[in-house]
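Numbering (our numbering), first residue to last: 332 to 658.
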């Protein structure tokens with residue numbers, strides 16, 4: 332659906348995007364994550380043709396974005412919806428008129444427009460707010476109106492630029508669930524730019540981590556969070572955990588296959604040793620449970636632990652005194 336190859340962009344002498352390579356399949360929810368200023372939003376604006384780029388290629392639904400003239404780019408953008416952090420609603424227009432605005436700009440018939448707006452407001456759960464003004468809505472309701480407006484032209488792709496950053500956690504969760512439902516019901520490809528790990532965990536199937544304009548890591552969410560590459564720890568940081576100077580400290584990685592099994596207690600009984608449990612965590616990633624358990628074991632018993640984990644196909648990694656994973 333979206334194929335980005337060796338894409339680079341600079342502002343004067345500053346390289347905002349540096350040799351980006353990303354492939355996004357049709358119907359997927361894809362996350363582009365990174366710190367503020369990493370280049371995420373610039374990349375999103377390149378995808379919908381709001382920004383040009385210096386080199387490389389960007390193919391969206393079979394179309395080379397850079398090859399389009401001004402008339403063609405306007406037509407191209409009909410197939411791409413966009414939602415923003417600050418909603419961008421027109422304060423003087425009602426909910427109905429905000430959603431209908433793109434349809435009016437393209438001169439659709441009133442009968443079609445009326446039916447479409449009501450259908451979309453039903454999808455986002457705001458049929459009862461059809462005549463309300465933006466100032467009468469909560470932040471979550473405003474974002475739902477923005478989503479309905481973005482869907483008004485039946486886009487094939489929906490781009491979300493920090494769409495939940497201005498919302499409280501409970502409201503953000505409801506917007507994430509709405510986006511997942513829209514993806515499933517309408518089959519729309521969704522690209523989410525965010526720095527919030529809660530968004531990634533709840534919605535995204537695959538992600539790219541951008542650092543200083545470069546795509547450092549990309550792949551399925553569950554694989555990246557299990558592997559814990561340096562680009563991810565740079566983004567989310569390490570927990571402040573006191574690692575013993577004696578013994579060997581390892582992190583046992585829990586996948587959806589083994590996260591519900593009593594690995595630690597089974598290991599303790601089977602090999603007959605004691606060890607310290609330093610930390611544990613378990614999170615939902617869409618429909619998968621992923622997590623880890625950090626333990627410290629006496630040097631003389633480490634070989635037994637290693638044999639048990641390897642024999643049971645349980646992934647693990649060393650942890651140094653700085654709480655960094657060592658492969």
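We treat Cβ as the ideally placed atom computed from N, Cα and C, and that holds for glycine.
Values in this document were obtained by computation on a predicted structure and should not be read as measured data.
Use the C-beta contact count for residue i: other C-beta atoms within 10 angstroms, 16 or more gives buried, fewer gives exposed.
i: residue 613; result: exposed
i: residue 393; result: exposed
i: residue 537; result: buried
i: residue 486; result: buried
i: residue 512; result: exposed
i: residue 576; result: exposed
i: residue 500; result: exposed
i: residue 588; result: exposed
i: residue 460; result: buried
i: residue 608; result: exposed
i: residue 550; result: exposed
i: residue 398; result: exposed
i: residue 616; result: buried
i: residue 567; result: exposed
i: residue 372; result: buried
i: residue 405; result: exposed
i: residue 623; result: buried
i: residue 436; result: exposed
i: residue 473; result: buried
i: residue 591; result: exposed
i: residue 455; result: buried
i: residue 606; result: buried
i: residue 638; result: exposed
i: residue 533; result: buried
Check the DSSP bridge columns for residue i and list the partner residues they point to.
i: residue 396; result: Looking at the DSSP assignment, residue 396 forms no beta bridge with any residue, so it has no partner.
i: residue 525; result: 364
i: residue 560; result: Answer is none; residue 560 lacks a bridge partner.
i: residue 419; result: Per DSSP, none; premise fails for residue 419.
i: residue 430; result: None; residue 430 has no bridge partner.
i: residue 412; result: 489
What residue range is occupied by the uninterrupted beta strand (DSSP E) comprising residue i?
i: residue 649; result: 647-650
i: residue 519; result: Per DSSP, residue 519 belongs to no beta strand (DSSP E) and is neither H nor E.
i: residue 551; result: 545-551
i: residue 388; result: 386-391
i: residue 622; result: 619-628
i: residue 339; result: 333-342
i: residue 660; result: No statement about residue 660 is possible, as the shown extent of the chain runs from 332 to 658 and does not include it.
i: residue 582; result: 579-585
What first and last residue would you give for the alpha helix (DSSP H) that runs through residue i?
i: residue 597; result: 594-602
i: residue 454; result: 441-454
i: residue 403; result: 401-407
i: residue 345; result: No alpha helix (DSSP H) contains residue 345, which is instead part of the beta strand (DSSP E) from 345-355.
i: residue 492; result: Looking at the DSSP string, residue 492 is not in any alpha helix (DSSP H); the run it does join, the beta strand (DSSP E), is 488-492.
i: residue 478; result: 470-481
Which whole-angstrom value describes the C-beta separation of residue i and residue j, a residue pair presumed to lie in contact below a C-beta threshold of 8 Å?
i: residue 645; j: residue 594; result: 6 Å
i: residue 650; j: residue 578; result: The pair is not a contact, with the Cβ atoms about 11 Å apart (cut-off 8 Å).
i: residue 367; j: residue 526; result: 7 Å
i: residue 463; j: residue 426; result: 5 Å
i: residue 524; j: residue 479; result: Rounded, the Cβ-Cβ distance is 20 Å, inconsistent with contact.
i: residue 584; j: residue 557; result: 5 Å
i: residue 434; j: residue 483; result: 5 Å
i: residue 389; j: residue 338; result: 6 Å
Using beta carbons (cut-off 8 Å, strictly below), is residue i in contact with chain C?
i: residue 377; result: No chain C appears in the structure shown, which is made up of a single protein chain.
### Task
Count the C-beta pairs between the segment 491-501 and the segment 413-428 that are closer than 8 Å, then say yes if the count reaches three, no if not.
yes
### Message
Does the structure place the segment 515-525 close enough to the segment 433-449 that three or more beta carbon pairs sit under 8 Å?
### Response
For the pair of segments examined, the segment 433-449 was found not to touch the segment 515-525: the number of CB pairs separated by less than 8 Å stays below three.
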